[in-house]
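Trainee: At the far end of the sequence shown sits residue 473, using the numbering used here, and the numbering has no gaps.
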Amino acid sequence: MPKYDAEAVRALIARRRPGHALESAFYTDPEVFRADMDAIFDQHWIYVAVECEVPEPGDALAVDIGASSVVIVRGDDEQVRAFHNVCRHRGARLLPPGPSIVGNLVCPYHAWTYGLDGALKFAEHMGEGFDPSCHGLRPVALRSVGGLLFVCLADTPPDDIDDLAQQIEPYLAPHDLRNTRVAHSADLIEYGNWKLVMENNRECYHCTPNHPELTIPLFAYGFGFAPEELTPEGQEQAERYETLRNASHAAWEAAGLPSRLIEHLDDRPTGFRTERLPLDGAGESQTMDTMAACRVPLGAIRDKAVGGLHFWTQPNSWHHLMSDHVVTFTALPLDKGRTLVRTKWLVHKDAVEGVDYDLEKLIDIWNVTNRQDADLVEMTQRGVADPAYVPGPYSPYTEGLVEKFMLWYLARLRAHLG
Ligand code: 3BY
Ligand code: FES
Ligand code: FE
């Protein structure tokens, strides 16, 4: 039985007007949602966790991606591996979502017991002809990119992850993600299709009217504007931003912090983008007052004013790395109209809450901003579901990266549907 009507989805893709938002069905139709899960989330590298969440052998983490669930676990040999969270007996989930500490992976149902390498070690009462070696956990492709863990549910994952890792690891390395710890994690359900979450994330057109806290206005200039429409003050600010960006890139690169833009958003299966951007004000960190929130610096970084390193991946992740903390985001579709946005705040592994950082100060800005974005996504979901909705044009200045997200998405969907 086909999971969805591929012909209907192909027709929708063919009708799409370039440079425009998608028609309603892309955000509201359960068939398109199933096509998205099949063609996008089951085929591509999905950012799910940070390596520091499984620091010791036996540390495990279960993450749901649509109908699938993946167990990430560090083995006795220190290797981090991923398996389908599905028992090879009668299919029970082995671990609940979230972190666990395990000696073996023991199914709660009939106690089939798997080693941390996935091999089935014990299964009682299965008789003579039963071969445990044919009943190990099914592996899932896993890749750590500088400490960020990506999984791919496909049998043959896109191999451009190697090139991505090679390009991005020098950018991530100074922040030493492997020696961090999750200070806080927040799950926010946004009442909108996952693509609305991503479209919203890929522009800062909405930042000035909606995110007063987000070290605006300078930050927003990093994501595009129409030069001819700027007021004299706007022009002055834009120039200030450009000067600051160029000077910062030069200084940071000289200090061993790769900073310049790399953009491969729509020309490969594992699309990504990175750039280190200066922050407004004193420019130390992404906090309400732009000052570092944590006293213990990350990695070898000693200059606090190293801006925010933005790292985005298609289809669903974005990350901000500062001198004192890191914020990682992943958007995981729940159904056609709901998306889980999971945010994690990382600090140096030795930083002590209440001594080296104040948790509120650390998480405030992105908690507030996420809430604002969730409201924007929800109001858009309602609007695109209205029979009166007609897809409107993207701004060529401020929404160029939204269009790149769409071009990537449509090309991947087309490639999968054939
Ligand atoms: O950098 C980001 O993650 C994007 C771009 C601007 C707003 N947004 C949060
Ligand atoms: Fe796991 Fe039976 S379903 S042991
Ligand atoms: Fe936003």
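The beta-carbon is built from N, C-alpha and C at its ideal position, and this holds for glycine as well.
(1) Can you tell which of 119, 96 and 297 has the C-alpha that lies nearest to the C-alpha of residue 279?
(2) My guess is that residue 137 and residue 237 are in contact by the Cβ rule of under 8 Å, so how many angstroms apart are they, rounded?
(3) Within the present structure, is the beta-carbon of residue 383 separated from the nearest heavy atom of the ligand FE by less than 7 Å?
(4) Unbroken beta strand (DSSP E) runs of length 3 or more, entirely within the segment 366–431: which are they?
(5) Once DSSP output is grouped into helix, strand and coil, what is the label at residue 316?
(6) What is the DSSP secondary structure of residue 304, reduced to helix, strand or coil?
(7) Would you say residue 262 touches the ligand FE, meaning its beta carbon is less than 7 Å from a heavy atom?
(8) Let's see if you can read the secondary structure: which residues bound the alpha helix (DSSP H) around residue 82?
(9) Return the first residue and the last residue of the beta strand (DSSP E) that residue 120 is part of.
(10) Within its chain, find whatever has a CB closer than 7 Å to the CB of residue 313; leave out the 5 residues flanking it on each side and keep chain order.
(11) Over what stretch of residues does the beta strand (DSSP E) that includes residue 244 continue unbroken?
(12) DSSP has residue 330 in a bridge; who is on the other side?
(13) Between residue 187 and the rest of its own chain, which residues show a CB-CB distance below 7 Å, the 5 nearest in sequence each way excluded?
(14) Ends of the beta strand (DSSP E) at residue 223?
(15) Rounded to the nearest angstrom, how far is the Cβ of residue 125 from that of residue 115, given a contact under 8 Å?
(16) What do you reckon, is the C-beta of residue 142 under 7 Å from a heavy atom of the ligand FES?
(17) Could you check whether the segment 359–370 touches the segment 318–337, counting it as contact only if at least three pairs of C-beta atoms, one from each stretch, sit closer than 8 Å?
(18) Quick check: residue 348 and residue 243, are their CB atoms within less than 8 Å of each other?
(19) Which of the three DSSP states is assigned to residue 262 in this structure?
(20) Is there a Cβ of chain B sitting closer than 8 Å to that of residue 411, yes or no?
(21) Identify every residue that forms a DSSP beta bridge with residue 102.
(22) Just confirm the distance between the C-beta atoms of residue 454 and residue 258, as a whole number of angstroms; I'd bet it's less than 8 Å.
(23) Are the Cβ atoms of residue 400 and residue 380 separated by less than 8 Å?
(24) Would you identify the three-state DSSP class for residue 196, choosing helix, strand or coil?
(25) So, is residue 85 buried or exposed, given that buried needs 16 or more other C-beta atoms within 10 angstroms?
(26) Output yes or no for whether 8 Å exceeds the beta carbon distance between residue 83 and residue 440.
(27) Which class does residue 456 belong to by DSSP, given the choice of helix, strand or coil?
(28) At which residues does the beta strand (DSSP E) containing residue 69 begin and terminate?
(29) Is the beta carbon of residue 162 within less than 7 Å of some heavy atom of the ligand FES?
(30) Could you check whether the Cβ of residue 265 sits closer than 7 Å to any heavy atom belonging to the ligand FE?
(31) Within its chain, find whatever has a CB closer than 8 Å to the CB of residue 144; leave out the 5 residues flanking it on each side and keep chain order.
(32) Can you find a heavy atom of the ligand FES that lies under 7 Å from the Cβ of residue 193?
(33) Helix, strand or coil: how does DSSP classify residue 276 here?
(34) Would you please state the rounded distance, in angstroms, between the beta carbons of residue 254 and residue 460? I believe it to be under 8 Å.
(35) In chain order, what residues of the same chain have a beta carbon less than 8 Å from the beta carbon of residue 271, not counting five sequence neighbours either side?
(36) Look at the Cβ atom of residue 248, then the Cβ atom of residue 392, and state whether they are nearer than 8 Å.
Mentor: Let's see:
(1) 297
(2) With 8 Å as the limit, residue 137 and residue 237 do not qualify as a contact, their Cβ atoms being about 18 Å apart.
(3) no
(4) 372–376, 381–390 and 393–403
(5) Collapsing the DSSP output to three states places residue 316 in coil.
(6) helix
(7) Result yes, Cβ under 7 Å from the ligand FE.
(8) 80–83
(9) 114–120
(10) 225 and 226
(11) 235–245
(12) 365
(13) Setting aside the 5 residues that flank it on each side, residue 187 is surrounded in the same chain by 175 and 178, each with a C-beta closer than 7 Å to its C-beta; the list follows chain order.
(14) Unbroken run through residue 223 is the alpha helix (DSSP H), 216–227; no beta strand (DSSP E).
(15) So it is not a contact: roughly 11 Å between Cβ atoms.
(16) For residue 142, the shortest C-beta to heavy atom distance toward the ligand FES is below 7 Å.
(17) yes
(18) Not in contact: residue 348 and residue 243 (Cβ atoms no closer than 8 Å).
(19) Correct three-state label for residue 262: helix.
(20) Any reference to chain B falls outside this structure, which holds one protein chain only.
(21) 205
(22) 5 Å
(23) yes
(24) strand
(25) exposed
(26) yes
(27) helix
(28) Counting along the chain, residue 69 falls outside any beta strand (DSSP E), though it belongs to the alpha helix (DSSP H) covering 61–70.
(29) yes
(30) Look at residue 265: its beta carbon is less than 7 Å from one of the heavy atoms in the ligand FE.
(31) 162, 164, 165, 167, 178 and 190
(32) no
(33) helix
(34) 6 Å
(35) Low local confidence applies: a pLDDT of 49 at residue 271 is under 50, so the model's placement there is unreliable, with the coordinate-based value given in what follows. Closer than 8 Å at the Cβ level, and outside the excluded window around residue 271, lie 262, 263 and 335.
(36) Yes, these two residues count as a Cβ contact at 8 Å.
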